[in-house]
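Residue numbers (this note's numbering): 4 to 398.
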């Protein structure tokens with residue numbers, strides 16, 4: 004870790020990816036920076052000894068107006084320096100109502116128009132093409148008639164709001180992560196897919212993937228303050244998803260395509276970009292951008308890239324104290340995610356992705372746990388999040 008920091012003002016941490024939220028609480032709390040956790044129900048990050056206060060708030064998916072107002076009330080009435088977004092809803096609300104929040108705190112978030120270019124995967128594909136970054140051929144489901152080749156159908160917007168979709172109710176907000184793997188040569192039920200996703204999703208060509216990677220960054224008005232890379236070895240499912248076992252890496256070409264896209268977007272704030280290595284060309288192909296703290300954040304901090312601290316430094320005007328850099332070859336696991344990966348061998352299926360053999364998977368998990376005994380929630384000095392999470396998982 005860098006030098007110890009102290010502050011009288013707290014950082015408000017929202018919950019989404021629990022491992023990401025917990026790492027924010029832990030990183031800041033260990034430096035003497037007070038934290039306030041907010042969620043609609045108690046969860047693992049906020050039972051940590053490093054969480055100074057927990058405030059229960061409405062769920063943004065149940066009543067986003069009440070949730071926004073609750074956050075505004077907290078930052079107006081308490082000594083709070085900044086808010087760290089840990090889920091898509093927070094990234095959106097902090098950008099949309101940035102002026103109202105910045106009357107009380109300092110934020111490191113993009114303006115809403117720039118955020119929409121990232122949340123809208125159709126616009127994002129266009130931006131990647133303009134930046135010279137490889138991206139799968141992308142089109143709307145309603146404009147797709149040829150299903151002869153391998154393809155995937157996924158939401159155009161992860162976050163559904165009236166700002167992005169005119170027909171969506173102004174009082175509602177939702178998150179959709181549905182991905183459909185159509186059988187080549189068979190036309191899927193487009194009406195059913197549109198109904199399930201509540202909008203016209205996109206169709207992308209299926210890229211035969213080698214390895215999967217994350218390029219993470221914190222930007223200040225188009226300038227990179229810190230970057231990080233990891234290779235995703237296992238995800239939530241063998242068919243894909245967020246990383247649950249990752250190892251830190253540094254690859255020049257990945258750094259170039261990651262920076263090229265964010266430079267082109269004139270980005271400001273957090274960005275977690277998912278790339279896959281094209282098994283045929285070796286290119287790093289864009290999958291998506293998450294403009295918030297990410298699920299695999301503990302892997303970055305474990306390797307020495309302390310993004311929660313960097314975010315706090317940026318928000319409090321201490322850019323000169325950010326010391327980017329990290330150690331490569333460091334592995335980190337999310338234990339419940341590893342169990343989910345194992346379950347996916349029996350539960351999930353895809354005509355495009357071969358199911359890994361069970362015995363080899365178990366052995367790989369055991370070996371990586373021995374070689375890299377680092378886990379998102381397992382810290383001897385703070386066992387309550389692990390025990391709380393285990394209790395919830397067993398329920």
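For glycine and all other residues, C-beta sits at the position ideal for the given N, C-alpha and C.
No Cβ-Cβ contact shorter than 9 angstroms links residue 161 with residue 138. Residue 198 and residue 181 have their C-alpha atoms spaced approximately 12 angstroms apart.
In the DSSP assignment, residue 84 falls within the beta strand (DSSP E) that extends over 83-87. The alpha-carbon separation between residue 71 and residue 98 amounts to approximately 12 angstroms. Rounded to whole angstroms, the gap between the alpha carbons of residue 114 and residue 293 is 15 angstroms.
Cβ-Cβ distances below 7 angstroms link residue 254 to 232 in the same chain, with the five nearest sequence neighbours on each side left out; the list follows chain order.
Spanning the alpha carbons of residue 363 and residue 225 requires a straight line of approximately 44 angstroms. The continuous stretches of alpha helix (DSSP H) do not include residue 209, and DSSP gives it neither H nor E. Looking at 150, 105, 111, 81, the one whose alpha-carbon comes closest to that of residue 321 is 111. Counted as a single uninterrupted DSSP element, the stretch harbouring residue 54 is not any alpha helix (DSSP H), since DSSP gives it neither H nor E. Its Cα nearest to that of residue 392, the residue 25 stands out among 25, 8, 12. Ranked by Cα distance from residue 90, the first of 156, 351, 16, 303 is 16. With a cut-off of 8 angstroms on Cβ pairs, the region 272-288 is in contact with the region 209-216, counting three or more such pairs. Ranked by Cα distance from residue 56, the options 82, 353, 65, 69 are led by 82. For residue 293, DSSP records a beta bridge to 275. Taking the Cα positions, residue 170 is about 9 angstroms away from residue 201. The C-alpha of residue 67 lies about 8 angstroms from the C-alpha of residue 174. Between the C-alpha atoms of residue 304 and residue 154 there is a straight-line separation of about 35 angstroms.
Every beta strand (DSSP E) of 3 residues or more that sits fully in the region 168-255 is shown, in chain order, as 205-208, 212-223, 226-240, 243-251. When the beta-carbon positions are compared, residue 47 and residue 395 come within less than 9 angstroms of each other.
In the structure shown, residue 75 falls within a helical segment according to DSSP collapsed to helix, strand and coil. When DSSP states are grouped into helix, strand and coil, residue 128 belongs to the helix group. When only Cα atoms are considered, residue 13 and residue 84 end up about 6 angstroms apart. Our two residues, residue 27 and residue 188, have alpha carbons roughly 46 angstroms apart in a direct line. In this structure, the beta-carbon distance from residue 29 to residue 41 does not fall below 9 angstroms. With 16 or more other Cβ atoms from the protein chains shown falling within 10 Å of its own Cβ, residue 131 counts as buried. In terms of Cα proximity to residue 88, the closest of 300, 357, 345 is 300. Rounded to whole angstroms, residue 222 and residue 273 show a C-alpha spacing of 7 angstroms.
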